[in-house]
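No gaps in the numbering here: position 22 of the sequence shown is 21 in numbering that gives the first Met the number 0, and each next residue is one more. Glycine included, C-beta positions come from ideal geometry on N, C-alpha and C. Before any comments, here is the structure.
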Amino acid sequence: MKKWLFVLLILSGVGVWQHQKVLTTYASFFTVNNPSKGADAIIVLSGSAATRIPRGLELYGSGYASKVFLTDEKRSMNPKFRKFFPTNAQLAEAIIAELGMEVETPVIPSLKGGATSTFDEAYDARTRAESEGWQHLILVTDAFHTRRALHAFESVFNGSGIRLEMAAAPNAIFREDNWWTSDQGISAYVLESIKYPVYLLTSRNVSFVRND
Numbered sequence: 000m001k002k003w004l005f006v007l008l009i010l011s012g013v014g015v016w017q018h019q020k021v022l023t024t025y026a027s028f029f030t031v032n033n034p035s036k037g038a039d040a041i042i043v044l045s046g047s048a049a050t051r052i053p054r055g056l057e058l059y060g061s062g063y064a065s066k067v068f069l070t071d072e073k074r075s076m077n078p079k080f081r082k083f084f085p086t087n088a089q090l091a092e093a094i095i096a097e098l099g100m101e102v103e104t105p106v107i108p109s110l111k112g113g114a115t116s117t118f119d120e121a122y123d124a125r126t127r128a129e130s131e132g133w134q135h136l137i138l139v140t141d142a143f144h145t146r147r148a149l150h151a152f153e154s155v156f157n158g159s160g161i162r163l164e165m166a167a168a169p170n171a172i173f174r175e176d177n178w179w180t181s182d183q184g185i186s187a188y189v190l191e192s193i194k195y196p197v198y199l200l201t202s203r204n205v206s207f208v209r210n211d
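Next comes the structure, spelled out in structure tokens:
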């Protein structure tokens with residue numbers, strides 16, 4: 000009995016000691032960050048505008064592409080209060096002014112009156128990319144969302160010959176190496192372990208996965 004108790008204590012100690020490495024490795028799996036210069040356009044996906052838009056503008060300012068676009072997200076809220084919540088375009092305009100930049104961020108029109116999933120954004124983006132003759136795109140989204148977003152876009156863009164790259168947007172609350180210390184981090188990465196497999200099994204919108 001004492002021997003087994005000793006072994007259990009040792010294993011528990013190793014688990015506590017290694018937990019940060021294990022959790023960091025888990026979170027790092029979801030991150031794809033490989034933007035390169037020379038892209039035809041930077042496309043900022045809808046969702047966390049406060050992190051994604053600044054990252055897209057940073058890439059623009061560093062010369063990764065000469066154009067920045069936003070996606071058209073469906074806003075499901077009470078119409079009476081909608082005026083109190085700025086759109087992505089309005090937020091982008093405010094952020095650009097705050098940064099002292101001069102750049103337009105047009106919205107890619109939605110094929111269905113507003114995207115409700117990353118797949119929807121991918122279909123919208125492919126339509127625009129093919130009409131413009133784009134061959135190289137950088138997609139901007141939160142770090143935890145990059146792998147799932149890339150899968151959605153690769154599925155939709157299959158056969159197009161268009162090169163897709165991801166740019167992970169950081170945030171000030173959590174990272175891959177500390178996400179378990181905040182409610183937002185836990186929510187993001189635990190839910191991603193559910194959302195990502197769902198995306199692997201489908202190539203279209205699923206109503207129970209939010210557009211983030």
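C-alpha distance - Tyr198 paired with Met100, whole-angstrom precision: Across the structure, Tyr198 and Met100 are spaced so that their CA atoms are roughly 36 angstroms apart.
What's the gap between the Cα of Gly46 and the Cα of Gln17? Within the model, the alpha-carbon separation for Gly46 versus Gln17 is close to 33 angstroms.
Alpha helix (DSSP H) containing Asp182: first to last residue? Segment 182 to 199, the alpha helix (DSSP H) holding Asp182.
Who are the Cβ neighbours of Leu22 in its own chain at under 6 angstroms, not counting the five residues just before and after it? Excluding positions up to five away in sequence, the list reads Trp179.
For Leu8, which of helix, strand or coil comes out of DSSP? Per-residue confidence for Leu8 stands at a pLDDT of 48, beneath the threshold of 50, marking its modelled position as unreliable; the derived number appears in the next sentence. Collapsing the DSSP output to three states places Leu8 in a helix.
Just reading off the beta strand (DSSP E) that Phe68 is part of, what are its end residues? Element bounds for Phe68: 67 to 70.
Cα separation between Thr126 and Asn87? Cα-Cα distance, rounded: 20 angstroms.
Same chain, Cβ closer than 7 angstroms to Arg51, five either side skipped, listed in chain order: Non-local beta-carbon contacts of Arg51 in its own chain, meaning distances under 7 angstroms to residues more than five positions away in sequence, involve Val43, Leu44, Val139, Thr140, Asp141, Ala168 in chain order.
Rounded Cβ spacing between Trp133 and Ala26 (contact assumed at less than 8 angstroms): That belief does not hold up - the Cβ atoms of Trp133 and Ala26 are roughly 31 angstroms apart, past 8 angstroms.
Could you check where the beta strand (DSSP E) with Arg162 kicks off and where it finishes? For Arg162, the enclosing beta strand (DSSP E) stretches over residues 162 to 168.
For Gly158, tell me which candidate among Pro108, Ile193, Pro78, Glu129 has the shortest Cα-Cα distance. If we check each option's Cα against that of Gly158, Glu129 comes out closest.
Do Pro105 and Tyr63 have their CB atoms nearer than 8 angstroms? A distance of 8 angstroms or more separates the beta carbons of Pro105 and Tyr63.
Thinking C-beta only, is Val67 closer than 8 angstroms to Ala121? For Ala121 and Val67, no; Cβs fall outside 8 angstroms.
Indicate the three-state DSSP secondary structure (helix, strand or coil) for Leu58 in the structure shown. DSSP places Leu58 in helix when its eight states are reduced to three.
Check Gln19 in the structure and name its three-state DSSP category. In the three-state reduction of the DSSP assignment, Gln19 falls in the helix class.
Can you tell me which residues form a DSSP beta bridge with Ile42? Answer is Phe68, Leu138.
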